[in-house]
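Colleague: First the structure, which I've put down as structure tokens, then a few questions once you've had a look.
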Amino acid sequence: MSSPGNEGDQNENSRQDLTKWTKSQIFTLISAASLNFSSMICYSILGPFFPKEAENKGANATIIGMIFGCFSLFNLIFSLIMGKYIVQIGAKFMFLSGMFVSGWCTILFGLLNKAPDGPIFIALCFITRSMDAIGFAASTTASFSVLAATFPNNVATILGSLEIFTGLGLALGPPIGGFLYQSFGYEVPFIALGCAVLLMVPLNMYILPRFDGIASNVSFWKLLALPKVVFVYLIVFSISSCIGFLDPTISLFVIEKFNLQPGYVGLVFLGFALSYALASPLLGYLCDQIPRIRKWLMLVGSWLITVSFLLLGPTPIFHIKTQLWMFVLMLVLSGFSLSMSGIPVFPEIITCAYENGFEEGLATLGLVSGMFGAFWCLGTFVGPILGGYLYEELNFEWAAAIQGGFPFIFGILMGLYFIVEMVHKRRSHSGNNTDEENNIDGERIRLIN
4 MSSPGNEGDQ
14 NENSRQDLTK
24 WTKSQIFTLI
34 SAASLNFSSM
44 ICYSILGPFF
54 PKEAENKGAN
64 ATIIGMIFGC
74 FSLFNLIFSL
84 IMGKYIVQIG
94 AKFMFLSGMF
104 VSGWCTILFG
114 LLNKAPDGPI
124 FIALCFITRS
134 MDAIGFAAST
144 TASFSVLAAT
154 FPNNVATILG
164 SLEIFTGLGL
174 ALGPPIGGFL
184 YQSFGYEVPF
194 IALGCAVLLM
204 VPLNMYILPR
214 FDGIASNVSF
224 WKLLALPKVV
234 FVYLIVFSIS
244 SCIGFLDPTI
254 SLFVIEKFNL
264 QPGYVGLVFL
274 GFALSYALAS
284 PLLGYLCDQI
294 PRIRKWLMLV
304 GSWLITVSFL
314 LLGPTPIFHI
324 KTQLWMFVLM
334 LVLSGFSLSM
344 SGIPVFPEII
354 TCAYENGFEE
364 GLATLGLVSG
374 MFGAFWCLGT
384 FVGPILGGYL
394 YEELNFEWAA
404 AIQGGFPFIF
414 GILMGLYFIV
424 EMVHKRRSHS
434 GNNTDEENNI
444 DGERIRLIN
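Encoded structure:
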């Protein structure tokens, strides 16, 4: 743990770094921002209309959840692979090739409505989404690692600021997708956005600097041997599963309960995305300036997500009538809570890894980024599948309540760990002070004698 003086020095360095960006740092930020925006707008475009379209092609709610979930499964696997071999593959090549694959897969997904109904359509959906996930894993793993290497003293501030573009992508994807689908049909939203992603590849090829590192033999298992890292990653899993839960269920629920058109269903997503985007820069800045509050932000954020999911339906035990304004308000709270829990994660794990002897550099950052992506994807894999199943077997209200239990349980476990850690540190500090006092007393006796 850093001393107060060291934290002050680090904060001063952070302020200096923010005012003296180099050309390379600015170009890195532009590349990361373009990736965050384009990948999220392509990811979120499916929400307002794909579940209904897939139902018409012969897929039930559980299959639709699995189509959303398979993206996360392949993202999980390849995040680990990319994180382990980022030095050998090259961060810039990984970044660019990931965007290239994602752009083409988005276009191909827009042509799937021409496939025969039933098993063929479903199989092609799985294949295309899986390939898209591999590209997404490559580009995002490279992006996190490159940003942490470029801005080592203010990782949370930079990541939080860039989440504005993530939020914009999440916010604009559903309404743009919904209105394009309503106006031009199924193909146009995917083809338009896929082409936009492909156009960003040559831009980033030109402006993104090259990053080199030294290969390391450190494994993911050594990182997971740290208890604090495990609990933090479980929080990542719990909050991402809540986001994944919304993908296959929210549009079906809104259309059924409030009888909205696909274009207006997309607008419902704005509350979640905008609150996340607006809160992230401030929370990132606070995490860098006051590092000790990171763990408490994660705890409070995870419990607030539980509250929002209990009231999203709302859960029948509350006997509250379902209303659109309350539904949107809970989505706003969910977005803010996600930012509160998610933004502190990356700098907290990097700090923990360095304090426990991991080498500073691209290899360690790749491990942390890959593992972060893996647990995030595990959540977004479980969330849609569980959400689709619970929605079909129960209803949205009870499904949301059950899903909200994940961050509550893991938040309690992490809170208990932090309490034990604090008690241990206090005892160690007290023991050190006692030893120092005994040494001083012994020295005094020796001098008197």
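Counting from 1 along the sequence shown, just add 3 to a position and that's the residue number in our numbering.
Think of the CB as a built atom: it goes at the ideal place given N, C-alpha and C, for glycine as much as any other residue.
On a predicted model such as this, the values are computed, not experimentally measured, just so you know.
1. Please list, in chain order, all residues of the same chain as L393 whose beta carbon is under 8 Å from its beta carbon, the five residues on each side excluded.
2. Residues in the same chain with beta-carbon distance under 6 Å from P192, minus the five sequence neighbours each way, listed in chain order, please.
3. Please determine if the region 333–346 and the region 356–370 are in contact, where contact requires at least 3 C-beta pairs separated by less than 8 Å.
4. In whole angstroms, give me the CA-to-CA distance for I130 and R429.
5. By DSSP, does G373 sit in helix, in strand, or in coil?
6. As a quick exercise: from L381, N157 and G316, pick the residue whose alpha carbon is nearest that of I353.
7. Kindly list the residues whose CB is nearer than 6 Å to the CB of F74, restricted to its own chain and excluding five residues on each side of it in sequence; keep chain order.
8. Output the distance between the C-alpha atoms of F40 and S82, rounded to the nearest integer angstrom.
9. Between P205 and chain B, is any beta-carbon pair separated by less than 7 Å?
10. Would you mind working out which of L281, A280 and M301 sits nearest C290, comparing C-alpha positions?
11. Is the CB-CB distance between G68 and P251 below 7 Å?
12. Using a Cβ-Cβ cutoff of less than 6 Å, which residues in the same chain neighbour S5 once the five nearest sequence positions on both sides are dropped?
13. Output needed for L227: all residues of its chain with C-beta closer than 7 Å, excluding positions within five of it in sequence on either side, in chain order.
14. Spatial neighbours of F172 within its chain, please: CB distance less than 6 Å, with the 5 preceding and 5 following residues excluded, ordered by chain position.
15. Alpha carbon to alpha carbon, what distance is there between G316 and T325?
16. Closest by CA to P350, which one among V235, S142, V204 and K23?
17. Using a threshold of 7 Å, state whether the C-beta atoms of I238 and M374 are closer than that.
18. Going residue by residue through the region 289–364, where are the continuous alpha helix (DSSP H) segments of at least 4 residues, counting only ones entirely within it?
19. Can the beta-carbon of S146 be found less than 7 Å from the beta-carbon of A280?
20. Using 8 Å as the cut-off, can you tell me whether the region 83–91 makes contact with the region 137–144, which would need three or more C-beta pairs spanning the two stretches below that distance?
21. Taking the alpha-carbon of G26 as reference, which of T153, W224 and L334 has the nearest alpha-carbon?
Modeller: With the given structure in hand:
1. Correct list, in chain order: W401, A402, I405 and Q406.
2. Closer than 6 Å at the Cβ level, and outside the excluded window around P192, lie I48, G180, L183 and Y184.
3. Contact fails between the region 333–346 and the region 356–370, because fewer than three Cβ pairs, one in each stretch, are under 8 Å apart.
4. 53 Å
5. Three-state DSSP puts G373 in a helix.
6. Nearest in C-alpha terms to I353, of all of L381, N157 and G316, is N157.
7. R132 and A136
8. 19 Å
9. No chain B is present in this structure, which holds just one protein chain.
10. Measuring from the Cα of C290, the nearest candidate turns out to be M301.
11. Yes, the pair counts as a contact, with Cβ atoms nearer than the cut-off.
12. Because S5 carries a pLDDT of 39, less than 50, the predicted location of this residue cannot be relied on, and the following value inherits that uncertainty. Nothing meets the Cβ criterion.
13. V233
14. Residue 172 is actually Gly in this sequence, not Phe. For G172, where only same-chain residues beyond five positions count, the Cβ hits under 6 Å are F40, M43 and I44.
15. Going by the C-alpha atoms only, they are around 6 Å apart.
16. V235
17. No, the pair does not count as a contact, with Cβ atoms beyond the cut-off.
18. 297–313, 327–345 and 348–358
19. In this structure, A280 does not lie closer than 7 Å to S146 by Cβ.
20. yes
21. The question names Gly, yet the displayed sequence has Lys at residue 26. For the residues T153, W224 and L334, the minimum Cα distance to K26 belongs to T153.
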